[in-house]
Structures are given as C-alpha cells and as structure tokens.
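**Q** Structure incoming, see below.
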Amino acid sequence: MTNLLRLENISVHFGGHVAVNNVSLDVNQESITGLIGPNGAGKTTLFNVISGLIAPDSGDIIYDEQKISSLSPHKRARIGIGRTFQRLELFNSLSVVENIQVSAEIRNQWNQARLQLSPTAIKSEVERILELTGLTSSKDRMVSEIPTGQARLVELGRALILSPKLLLLDEPASGQNEEETENFGLLLRRLSESGIAIFLVEHDMNLVMNICDKVNVLDFGSIIAHGTPKEIQQHELVLQAYLGANNQ
Ligand SMILES: Nc1ncnc2c1ncn2[C@@H]1O[C@H](COP(=O)(O)OP(=O)(O)OP(=O)(O)O)[C@@H](O)[C@H]1O
Ligand SMILES: [Mg+2]
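For the numbering used here, count along the sequence shown from 1 and bump the result up by 42.
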C-alpha cells in the first residue's frame, strides 16, 4: 500500500478546548480509510485541517510526500485534495447538472494544464459523473427540491469533477435510506478501485465496517484505536467510548 496522506502529531485548540490532540494517521492509495468517533470527537475539525480551512496549532500534514501545511485551501484542491461537507454546500437555486457544471468551470480556471478541459470534454465528463452517481434522471431538478440522500450525491459529483486523488467525505450517507446507503457503499468501492484514496467520516457503522480497509477511532480529540473493521469492532476502548457516549 502506498501512502498518500500522513498526519503527524496534529493538534488544534479552540480557546482552552483541545479539539484535536496529537493525532497521527495514514491514508493510503487505493483504499478506503474510515474515521469514526462520537459527536464532537474532532472529526470535522481534522478534515478542516487537511483541506486547509483550519491551521493546526502544531504538527505536519504530508501529502504525496510533500509538506502542505502552508498551502491555501485552493492550492490543496488543485493538487488533488477534494472534499464534501457535513452540512451540504450546494447552490440550491441551481439544478443538479448545473451544480456539477459550476464545479467544472472552477476547475478550468485553475491554471494547470492537466486539469484543463474543452467545452466538449466538460460535457462528457459531467455526463460520466451523472451516470456514475446515478443522477442522470434527476439532472434537471432543482437541488432545493431533491431529497437529502440525492443532494449528497450531487456533492460527491461536484468533488469528483475536480479529479481528486484524495477524497475527504464528511458523513456522506447522512440523509440516505438503507438502499441508497448500500448503493453508495458500492460506488465508493468503485471509486477507490479506480485509484482515488477515500477518507471517510461516517456515523453509519454498517457502511464503515463494510467498505473500509482501515478504521481510525477518535475520542475527545485523540486516536484511541486504529485497525481493520474487525479489530475495531472488538476493541475495548472503542466499545467504552461508544457506550460511554451513549452513541449508536
Ligand atoms: N470553530 C469552532 N470554535 C470553537 N469550537 C469548535 C469549533 N469547531 C468545532 N469546535 C468544537 O471542537 C470539538 C470537535 O468538533 P468537530 O465538529 O470537529 O466534531 P465532530 O467529530 O465532527 O462531531 P460530529 O460527529 O457531531 O460532526 C467540539 O467540541 C466542537 O464543539
Ligand atoms: Mg463533524
């Protein structure tokens, strides 16, 4: 397994509150890495650190063998770090397809030859992503009118059209029903097999345990366990953290 992202001793404080405490972890290529933990454990904060929205108080972020700690969020997106948001960040007054097209246009403004697409190429890439995410038949619906489960797929589509090498997904199955979640899991597996490294924050334990290769567990900002889904499910500290927090 080749390493793509390495966090080394990352800490984040909000005032006197330690949201992330000396976290080190790895995300490998061609794999799905899970990040779970009770509400308020620091998962979204850690994603904000990786995508550059929050500067950590200490520690290093190493992506593709380079320290990226001082890069802006835009530069990180350009070098292949994509993400979706826990609270959906879509253009509600635009249709499904328009939301994805806007993202493609942003990509074309990036001054990087590998990412430039002709109008025809954008069109076929948008179509490919609509197909992949199962959104083709809903493409002309306004985002404000589609169910949350589908809106999650639009967010994923917006991230995918930027050709990410690493995808940070923050509770992407929230609002999806059981069948949607199962299909979503299969989609994530396919994306991972196509070469995208996926780092997944998710409360749906079935999904996490079914599709992740490795899982990290955060509790009160600290990693208390990491391992295969099987190892995590039997881990004493994990059981305590979840039962103690009355979560799940
Ligand atoms: N901008 C902020 N200012 C102050 N405190 C914050 C800020 N963002 C997060 N926190 C606090 O940091 C801690 C970690 O929050 P975070 O949102 O990262 O948790 P989470 O694991 O994503 O939780 P959830 O599962 O509910 O999404 C929480 O105690 C939260 O209240
Ligand atoms: Mg969160």
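Think of the CB as a built atom: it goes at the ideal place given N, C-alpha and C, for glycine as much as any other residue.
When the distance is taken between beta carbons, is L177 closer than 9 Å to V144?
**A** Taking 9 Å as the Cβ cut-off, V144 and L177 do not qualify as a contacting pair.
**Q** With DSSP run on the structure shown, which of helix, strand or coil describes L136?
**A** coil
**Q** Leaving out the 5 sequence neighbours to the left and right, which residues in its chain are closer than 6 Å to S186 when beta-carbon positions are compared?
**A** N134
**Q** Within the chosen definition, does the region 179 to 194 reach the region 209 to 225 through at least 3 CB pairs nearer than 8 Å?
**A** yes
**Q** Report the three-state DSSP secondary structure of I110 (helix, strand or coil).
**A** coil
**Q** Given that a residue counts as buried once 16 or more other Cβ atoms are within 10 Å of its Cβ, and exposed if not, what is F56?
**A** Its Cβ having fewer than 16 others within 10 Å, F56 is exposed.
**Q** Measure the alpha-carbon distance for E167 versus N51 and round it to whole angstroms.
**A** 38 Å
**Q** I need the boundaries of the beta strand (DSSP E) containing R125, first residue and last residue.
**A** Its beta strand (DSSP E) spans residues I123 to R125.
**Q** Any heavy atom of ligand 2 closer than 8 Å to the CB of V255?
**A** Before going further, note that residue 255 is Asp rather than Val in the sequence given. Outside the cutoff, so no.
**Q** Judging by CA-CA distance, which residue of V62, N64, E72 and N63 is the nearest neighbour of T34?
**A** This structure leaves residue 34 out entirely; the chain is present only between 43 and 290.
**Q** Taking the Cβ atom as the reference point for each residue, do R149 and Y105 lie within a distance shorter than 9 Å?
**A** no
**Q** Under 9 Å between the Cβ atoms of G76 and V257?
**A** yes
**Q** For F241, write down the residues that DSSP places opposite it in a beta bridge.
**A** Note: F241 is bridge-paired with T75 and L210 in the DSSP secondary-structure output.
**Q** Let me know if H59 comes out buried or exposed under the rule of 16 or more other beta-carbons within 10 Å of its beta-carbon.
**A** Classification of H59: exposed, given that the 10 Å Cβ count is below 16.
**Q** Can you give, in chain order, each stretch of the beta strand (DSSP E) that sits fully within the region 56 to 101 and has at least 3 residues?
**A** 59 to 70 and 74 to 78
**Q** Out of P80, I164 and L229, state which residue places its alpha-carbon closest to the alpha-carbon of Q282.
**A** P80
**Q** Could you give the first and the last residue of the continuous alpha helix (DSSP H) run that contains L172?
**A** P161 to T175
**Q** Checking the sheet assignment: what are the DSSP bridge partners for H268?
**A** N258
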